[in-house]
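Chemist:
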Ligand code: NAD
Ligand code: MG
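Residue numbers (mature numbering (1 follows the signal peptide of the UniProt record, and there is no 0)): -30 to -1, 1 to 304.
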């Protein structure tokens, strides 16, 4: 089949058709083809025209938002991610795995052969069930555990349930996040500030404490931080502080756990097209031009970050710990 770039782009956010998907990531690539043969089967993709660009349709949703109600639909790699057994036998917990960057990581982990638990808020059940429906029957476990991470006892219970369902844990992805745009510090309510701190700082602390006694040497912990840690926007005063805390979490914990053989790394996204942004994370007027000021002149898609999570979890990255990997379309500072 010949590549049709326009067609590829058209299908990308409507759920890639299976035939087109084979063009995006050729299974033959995993088989080890190289040189000219690979070029034919895995054509170059220009990142500039791979996905929709601003202006995006104006939209808002109540928190926590559903990826399945976004327009255009985000691409989490549902049809395009093809694994090659890099994480076979591994056991992963991904918070915020129902949608966005967490969903993309969960799909990639599962397709690489890992058993995966996803956590999310009960209101996100429709998104979570899409992930379960997509991945079940592919030969690995996919387990959905709803619950609110601002509750310490739930965080502890989530780890217990994960251990019971998967029979262990060796990839922990602290990815869930709360982001509420406020134009002034005077507009930030106690409740909102508390939700930001609890979700983004306390939950990873509680989950990590509960998980650590069960993580064998070789395990990987991955945190999702943000460009906001390095270059905070004026409207994300509280959120940006939590993302800086996530960087410190990675850098400190990596030193602490290195001697135990446990690696700790972070992913620092720039603007990515996810539910977080349409349910209060950005001012709706600004979301229309989301990502326009990056060198790629568009927002990233969750699928474009998935391979970073796989790389950080993989045994192959055994000398990488305490690192922050950027995916910001040309900006950012990690
Ligand atoms: P998303 O909305 O798809 O995912 C965030 C998830 O966090 C939600 O799906 C939800 O399940 C979870 N969550 C929030 N509050 C929770 C709570 N109290 N209990 C349980 N789960 C809760 O959006 P996303 O952009 O994929 O966010 C994932 C991570 O990426 C976040 O940590 C976010 O800070 C980070 N990030 C996103 C961007 C971006 O532009 N989208 C940029 C930088 C960093
Ligand atoms: Mg969600």
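We put the CB at the ideal spot given by N, CA and C, even for glycine.
What is the DSSP secondary structure of residue 238, reduced to helix, strand or coil?
Modeler: strand
Chemist: Under DSSP, the beta strand (DSSP E) around residue 308 begins and ends at which residues?
Modeler: With the chain running from -30 to 304 in the structure shown, residue 308 is simply not present.
Chemist: What is the C-beta distance between residue 193 and residue 172, in whole angstroms, given that I count them as a contact (C-beta under 8 Å)?
Modeler: Contact doesn't hold; Cβ gap of about 13 Å is too wide.
Chemist: Using a Cβ-Cβ cutoff of less than 7 Å, which residues in the same chain neighbour residue 41 once the five nearest sequence positions on both sides are dropped?
Modeler: Around residue 41: 27 and 29.
Chemist: Need the endpoints of the alpha helix (DSSP H) that residue 61 sits in, please.
Modeler: Counting along the chain, residue 61 falls outside any alpha helix (DSSP H), though it belongs to the beta strand (DSSP E) covering 61 to 65.
Chemist: For residue 296, count neighbouring Cβ atoms within 10 angstroms of its own Cβ and tell me buried if that reaches 16, exposed if not.
Modeler: buried
Chemist: Where do the ends of the beta strand (DSSP E) carrying residue 273 lie?
Modeler: Looking at the DSSP string, residue 273 is not in any beta strand (DSSP E), and its letter there is neither H nor E.
Chemist: For the ligand NAD, is there a heavy atom less than 7 Å away from the beta-carbon of residue 31?
Modeler: no
Chemist: By the 10 Å Cβ neighbour count, where 16 or more other Cβ atoms means buried, how is residue 65 classified, buried or exposed?
Modeler: buried
Chemist: Report the rounded CA-to-CA distance for residue 274 versus residue 303, giving the unit in angstroms.
Modeler: 18 Å
Chemist: Output the distance between the C-alpha atoms of residue 168 and residue 76, rounded to the nearest integer angstrom.
Modeler: 23 Å
Chemist: Quick one: measure Cβ to Cβ for residue 73 and residue 110, integer angstroms, because I've assumed they're closer than 8 Å.
Modeler: In this structure residue 73 does not touch residue 110 by the C-beta definition: roughly 15 Å separates them, more than the 8 Å allowed.
Chemist: What did DSSP end up calling residue 194 once you bin it into helix, strand or coil?
Modeler: Under the three-state reduction of DSSP, residue 194 is assigned to strand.
Chemist: Inspect the CB distances between the stretch 227 to 244 and the stretch 282 to 296 and report whether three or more fall short of 8 Å.
Modeler: Taking a cut-off of 8 Å for Cβ pairs, the stretch 227 to 244 and the stretch 282 to 296 touch, as three or more such pairs fall below it.
Chemist: Which full runs of the beta strand (DSSP E) of 3+ residues lie inside the stretch 134 to 196, going along the chain?
Modeler: 141 to 144 and 190 to 194
Chemist: Using a Cβ-based criterion (distance less than 7 Å to any ligand heavy atom), does residue 118 qualify as near the ligand MG?
Modeler: no
Chemist: Residue 166 to residue 246, Cα distance in whole Å?
Modeler: 12 Å
Chemist: Restricting to runs no shorter than 3 residues, where is the beta strand (DSSP E) found entirely within the stretch 212 to 262?
Modeler: 233 to 239
Chemist: Relative to the alpha-carbon of residue 174, which residue among 158, 120 and 255 has its alpha-carbon at the smallest distance?
Modeler: 120
Chemist: Could you have a look at residue 297 and say whether DSSP puts it in helix, strand or coil?
Modeler: If DSSP states are grouped into helix, strand and coil, residue 297 belongs with the strands.
Chemist: Is it buried or exposed for residue 67, if we count other Cβ within 10 angstroms and need 16 for buried?
Modeler: buried
Chemist: Mapping DSSP to helix, strand and coil, what is residue 101?
Modeler: helix
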